[in-house]
Ligand SMILES: [Zn+2]
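And the structure:
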């Protein structure tokens, strides 16, 4: 190996376009803001790719001994939610509630650890109004003729730094009202949108009359409320870099005069069979679509975690089948180890090296694909040693400990316990009684019936366990 490895977590900072050693401002706490869902629809797997990346980041920070203080916002008022609610003929809050609930259920399916805060935009309107007042006072914002309020990007010289915009061709005074727009349209953007009849019942009173906040403003107001004027990490998808995050920086730094965020991390896109996911191509999947096809949250999480977050992830159903096979291999390895139960002994050198390979990969800008390779090298070597009778019981236990340790980050190794259907539990109970009565023929008949349903009975001292057979 030669050179001694110096442990340091390095991340690629979108702001500098370089890898930097991660050094939080107030360790062990790490302030972390992740742009959450716009709750106008069920989130699709492209969205979940970003949320799984952020979960891996959060978990790895915990693994390194940091204490993440994570905020994920819920955008429940913007152009899309208002249009969706109107199309559905529902009040905005009723329309978004359904998708908020679905979102939290989906997070659980994917074993995504909970953030400390999930602020909803509609519950933070006073904070947003206060931020706009500061920007008006400091001369960074102005009223338009229709009583909306815009941020004047010419007043903020650092505008374009995150997205690396060329500001030379900019038309002074050009304005854009939509929440989303392209780089070519960089222009003064709306902080507050005056009410229009298309907004229907959706409006709040403000010192400037009825209206609603712009999307970008929501994230500035809520991140600073929970994390302070400057904090360590801000993440999102690459498509958030412009305009969303560029605008967040402008609003926040113009208002506070201090750097908003130290490290920006952005996750690449997910494509399906090499093509952009779209409903018209028939390659659009929500998490729910995949569960209906019989895949588990664990398998989906595995695929979403398997590529490095800055690489485009090419997703397809075959990758889920491959995940199922890989996880089966990991499960079988753990079962072999568990069969050798003993108190863990001293960690042998080969295992310590495996642990370091995992650590080195993750330290390298969260390189999950390399970390996964390290994990399967460990499984390969462990199986080889088991085959050769070279893995004594205490070493087997130490291996299980390391697998659990790695799974604090990956979160897909521990199989979700599957509960057997009630009628199978009753059959197993009858079989136990038959055995107790030494009625072996009846016991075997029941065992075979259970096996035909794809389950195995494992007799245990205190009764039995029902275990689902591998598909
Ligand atoms: Zn945001």
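In this note's numbering, the protein residues as written are 724 to 1194. Beta carbons are placed, not taken as given, at the ideal position from N, Cα and C, and that holds for glycine.
Inter-residue spacing [alpha-carbon to alpha-carbon] between residue i and residue j
{"i": "residue 754", "j": "residue 942", "result": "14 Å"}
{"i": "residue 988", "j": "residue 1173", "result": "50 Å"}
{"i": "residue 777", "j": "residue 767", "result": "16 Å"}
{"i": "residue 848", "j": "residue 760", "result": "18 Å"}
{"i": "residue 856", "j": "residue 841", "result": "25 Å"}
{"i": "residue 881", "j": "residue 788", "result": "34 Å"}
{"i": "residue 1037", "j": "residue 869", "result": "45 Å"}
{"i": "residue 861", "j": "residue 1088", "result": "38 Å"}
{"i": "residue 1086", "j": "residue 1178", "result": "41 Å"}
{"i": "residue 728", "j": "residue 1077", "result": "14 Å"}
{"i": "residue 1001", "j": "residue 1052", "result": "33 Å"}
{"i": "residue 1137", "j": "residue 1180", "result": "20 Å"}
{"i": "residue 935", "j": "residue 804", "result": "12 Å"}
{"i": "residue 873", "j": "residue 866", "result": "6 Å"}
{"i": "residue 775", "j": "residue 1025", "result": "10 Å"}
{"i": "residue 839", "j": "residue 1191", "result": "35 Å"}
{"i": "residue 1189", "j": "residue 769", "result": "36 Å"}
{"i": "residue 1018", "j": "residue 833", "result": "12 Å"}
{"i": "residue 829", "j": "residue 1103", "result": "32 Å"}
{"i": "residue 1006", "j": "residue 995", "result": "6 Å"}
{"i": "residue 1110", "j": "residue 1101", "result": "14 Å"}
{"i": "residue 851", "j": "residue 1143", "result": "50 Å"}
{"i": "residue 905", "j": "residue 875", "result": "17 Å"}
{"i": "residue 742", "j": "residue 1090", "result": "12 Å"}
{"i": "residue 1150", "j": "residue 1048", "result": "30 Å"}
{"i": "residue 1032", "j": "residue 958", "result": "11 Å"}
{"i": "residue 831", "j": "residue 837", "result": "9 Å"}
{"i": "residue 779", "j": "residue 930", "result": "42 Å"}
{"i": "residue 810", "j": "residue 920", "result": "15 Å"}
{"i": "residue 795", "j": "residue 1084", "result": "26 Å"}
{"i": "residue 998", "j": "residue 1121", "result": "44 Å"}
{"i": "residue 883", "j": "residue 964", "result": "10 Å"}
{"i": "residue 1153", "j": "residue 1166", "result": "8 Å"}
{"i": "residue 724", "j": "residue 859", "result": "Only weak support exists for where residue 724 lies, its pLDDT of 47 falling under 50; the value from the coordinates is given anyway. Straight-line Cα distance between these residues: approximately 59 Å."}
{"i": "residue 844", "j": "residue 902", "result": "14 Å"}
{"i": "residue 1207", "j": "residue 885", "result": "Here the chain covers residues 724 to 1194 and nothing more, so residue 1207 does not appear."}
{"i": "residue 949", "j": "residue 1146", "result": "49 Å"}
Span of the beta strand (DSSP E), counted from its first residue to its last, around residue i
{"i": "residue 911", "result": "911-917"}
{"i": "residue 864", "result": "864-866"}
{"i": "residue 935", "result": "934-936"}
{"i": "residue 1132", "result": "Element bounds for residue 1132: not the beta strand (DSSP E) but the alpha helix (DSSP H), 1116-1133."}
{"i": "residue 988", "result": "984-990"}
{"i": "residue 1191", "result": "1186-1191"}
{"i": "residue 993", "result": "993-995"}
{"i": "residue 1032", "result": "Counting along the chain, residue 1032 falls outside any beta strand (DSSP E), and DSSP gives it neither H nor E."}
{"i": "residue 885", "result": "Note, residue 885: premise wrong, no beta strand (DSSP E); not H, not E."}
{"i": "residue 1004", "result": "That residue, residue 1004, is in no beta strand (DSSP E); it is neither H nor E in DSSP."}
{"i": "residue 972", "result": "Per DSSP, residue 972 belongs to no beta strand (DSSP E); it is in the alpha helix (DSSP H), 969-979."}
{"i": "residue 874", "result": "872-874"}
Residue range of the unbroken alpha helix (DSSP H) whose run includes residue i
{"i": "residue 1148", "result": "1145-1159"}
{"i": "residue 1103", "result": "1091-1110"}
{"i": "residue 776", "result": "768-786"}
{"i": "residue 1056", "result": "1040-1061"}
{"i": "residue 1173", "result": "1163-1175"}
{"i": "residue 855", "result": "848-860"}
{"i": "residue 1136", "result": "Taken as a continuous stretch (DSSP letters only), residue 1136 belongs to no alpha helix (DSSP H), as it is neither H nor E."}
{"i": "residue 1012", "result": "1010-1015"}
DSSP beta-bridge partners of residue i
{"i": "residue 1083", "result": "Looking at the DSSP assignment, residue 1083 forms no beta bridge with any residue, so it has no partner."}
{"i": "residue 668", "result": "Residue 668 is absent from the model: the chain starts at 724 and stops at 1194."}
{"i": "residue 755", "result": "793 and 956"}
{"i": "residue 843", "result": "797"}
{"i": "residue 1181", "result": "1188"}
{"i": "residue 898", "result": "911"}
{"i": "residue 1021", "result": "DSSP, once it has assigned bridges, lists no residue as partnering residue 1021."}
{"i": "residue 761", "result": "798"}
{"i": "residue 1078", "result": "None, per the DSSP bridge assignment."}
{"i": "residue 727", "result": "None, per the DSSP bridge assignment."}
{"i": "residue 1037", "result": "994"}
{"i": "residue 927", "result": "934"}
Any non-hydrogen atom of ligand 3 within 7 Å of residue i CB
{"i": "residue 842", "result": "Absent from the structure shown: ligand 3. Ligands present: ligand 1."}
So which residues touch the region around ligand 1, with touch meaning a C-beta under 5 Å from any heavy atom? 758 and 942
Which runs of the beta strand (DSSP E) at least 3 residues long sit entirely within the stretch 789-833? Give them in chain order. 790-795
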